[in-house]
Amino acid sequence: MKFNLPKDHKPYIDKYFLRAKEILQKDGLNPVVKAQVFIRKGTCRVYGINEAIAILNKYNPNPKNMTICSLQE
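With the first letter of the sequence shown counted as 1, position 19 gets the number 18 in numbering that gives the first Met the number 0; the numbers rise by one all the way through.
Dropping the structure here:
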């Protein structure tokens, strides 16, 4: 599936994410990031998983070091 993603993501990202990345790189750290969604009450559907994966693949400087585990929409 193809998405019309911008060439550069930086105008759309919060500055503290860029600053955190800069600090971690300066200290020689490369942490593992885990994102999970927990539903507290009732039912819920989360959409946009395929687009989120496309974004991670496009803007990650080294996608071969990334592992994504998800269910298809």
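Here a beta-carbon is modelled for each residue, glycine too, at the ideal position from N, C-alpha and C.
The model shown is predicted, which means the values in this text are computed figures rather than measured ones.
For N56, the enclosing alpha helix (DSSP H) has its first and last residue at I48 to Y58. In this structure, S69 lies near I48, with their beta-carbon atoms less than 7 angstroms apart.
No residue range can be given for R44, since it is assigned to no alpha helix (DSSP H) and is classified by DSSP as neither H nor E. With respect to the C-alpha of H8, the residue from K14, I22, V31 and Y58 having the closest C-alpha is Y58. Here P62 carries a helix assignment [DSSP, helix/strand/coil].
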